[in-house]
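Chains as they are written, first to last, in our numbering: chain A, 1 to 198; chain B, 199 to 396. Where is the CB? At the ideal position from N, CA and C, for every residue including glycine. Since the model is a prediction, treat every value here as computed from it, not as a measurement.
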């Protein structure tokens, strides 16, 4: 529809997740009327991220050297390991400042519909990490959806025989939420996981 | 939150229109796990668009040389000029294959709330173009919203004294639409612009 370079850019932007043809067009025209140095900074950031950032050899989190910030930190407890799906989950958990252990990033969840099996995740690396017996508890913090639950069940079955404590994050009502708007499954889980307070 | 390069990319992506922090993060992680040649192609497309694409000296449309494809085409009628807000409007009108004239792209619409006045649009260039008397009809095809209507009114007032025919695109019910869901203003316009069929 457009002349060469504009259409090329719209096509490339359209490959990004969550960017449809209309958004791609909007972003392309935004870039056309943006200051060249700002546009250059975006292009550089894209190139730099591919050059500099890799995945931590130990846990699979994003890192700018062999090991990520957390794995390289000697103050983090070695006996507590939290298993998550993606690097962004690490950020979310770090933000709570509640967790003092280390992470293991699977790189996704078991999802047969999209052709993701256990071998596509960093499960073998997890078992290797557990080999030295330092880890005492593995907290499985996969997403509370079908794929996350399937992954958690699979991992639990693999880890329990190794003699390690396996735990899962609590399911229940979100703090600040409203009972009226809770779905049945969440409410069911909240009953199941109820705590005695007196 | 993230290490240097990832956070830089998220920040840069967050400056794009319609990209919030969550989308920026999603796109950044998508790029991290994308093949480097594909990522390079996106960065190159961004750089190329700024190097190659400029705005047509005559009409203000996007162009890869001094004049855009349409202004350079001798088969396009010189007596018919369609005034639009943005280059994307040219594409939309071209898609109808109904219009055989030329375009003038204003580069926006009068919008005092966002500090856009008549001097920020390519109105002076429009008057210069009309100077040689070749254009007989100016079709104002600004958006049918408050800013577009204000721009159309302003242009009409400037163009009528020049002795040129000024027209506006018809307002009315969208084809394939449903009378029940038409808003009052559109329905009012449809009555106003009704045509005798017998």
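Query	Result
For residue 244(B), return the contacting residues in chain A, with the cut-off set at a CB-CB distance below 7 Å.	9, 31, 39, 42, 43
What runs of the alpha helix (DSSP H), each 4 residues or longer, lie entirely inside the segment 263-301 of chain B?	285-294
What separation, rounded to the nearest whole angstrom, lies between the Cα atoms of residue 136(A) and residue 142(A)?	19 Å
Since residue 280(B) contacts residue 299(B) with CB under 8 Å, what's their CB separation in whole angstroms?	6 Å
Is there at least one Cβ from chain A nearer than 7 Å to residue 251(B)'s Cβ?	yes
Going by DSSP, name the residue or residues bridged to residue 124(A).	BP columns for residue 124(A) are empty, so no partner.
Is the beta carbon of residue 387(B) sitting closer than 7 Å to the one on residue 370(B)?	yes
By Cβ distance, which residues of its chain are closer than 7 Å to residue 222(B), with the 5 residues on each side in sequence left out?	208, 211, 212
What's the C-alpha gap between residue 319(B) and residue 350(B)?	12 Å
For residue 335(B), list the residues DSSP reports as bridge partners.	278(B), 363(B)
I believe residue 284(B) touches residue 303(B) by the beta-carbon criterion, under 8 Å. Please report the beta-carbon distance rounded to the nearest angstrom.	7 Å
Thinking C-alpha only, which one of 313(B), 265(B), 245(B), 257(B) is nearest residue 328(B)?	257(B)
Taking the alpha carbon of residue 353(B) as the point to measure from, which residue in 220(B), 322(B), 248(B) has its own alpha carbon closest?	322(B)
Anything in chain B within Cβ reach of residue 27(A), meaning under 8 Å, just list it in chain order.	214, 215, 216, 217
By the 10 Å Cβ neighbour count, where 16 or more other Cβ atoms means buried, how is residue 26(A) classified, buried or exposed?	buried
Using a Cβ-Cβ cut-off of less than 8 Å, list which residues of the segment 254-270 of chain B approach chain A; keep chain order.	260, 261, 262, 266, 267
Does any residue of chain A have a CB that is nearer than 7 Å to the CB of residue 234(B)?	yes
Using a C-beta to C-beta distance shorter than 7 Å, which residues of chain A count as neighbours of residue 446(B)?	Residue 446(B) lies beyond the range of chain B shown here (199 to 396); nothing can be said about it.
Measure the C-alpha to C-alpha separation of residue 37(A) and residue 244(B) and round it to an integer number of angstroms.	12 Å
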